[in-house]
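Take a look at the structure set out below.
In full-length UniProt numbering, the protein residues as written are 1 to 123.
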């Protein structure tokens, strides 16, 4: 015989049952972006306004390429999680699910294309 009440079954579970996972994911990516965005700005700055050859030479070094790839990847995953939480809160039904799928595909596509472009540029 189980003495679980409705409240006891629901403790620790939000509406989607993944709320804490999303929250921690957003917190970790936010902390990572606090360090990555200034690094990206300071590593991207010297290449800004350069010719194609100068930019290829600059991004052929590992440090600027790694910082740019990490910033784009972490930034897009942060965007995906934030947009998904907003969509889950305000858009319901089939429209919400389709929108989440589209946002997820967009975020992964941008992250993939940016990393692929940096690899092509660096090599």
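Ideal Cβ placement from N, Cα and C applies to all residues, glycine included.
Taken in chain order, the whole alpha helix (DSSP H) runs of length 4 or more contained in the segment 10 to 72 are 19 to 44 and 52 to 59. In this structure, the CA atom of residue 103 is about 7 angstroms from the CA atom of residue 83.
In this structure, DSSP gives residue 3 a state outside helix and strand, which the three-state scheme calls coil. For residue 68, the closest alpha carbon among the candidates 88, 122 and 85 is that of 122. The criterion of a C-beta distance shorter than 8 angstroms is not satisfied by residue 76 and residue 32.
In the DSSP annotation of this structure, the continuous segment of the alpha helix (DSSP H) that includes residue 103 starts and ends at 93 to 122.
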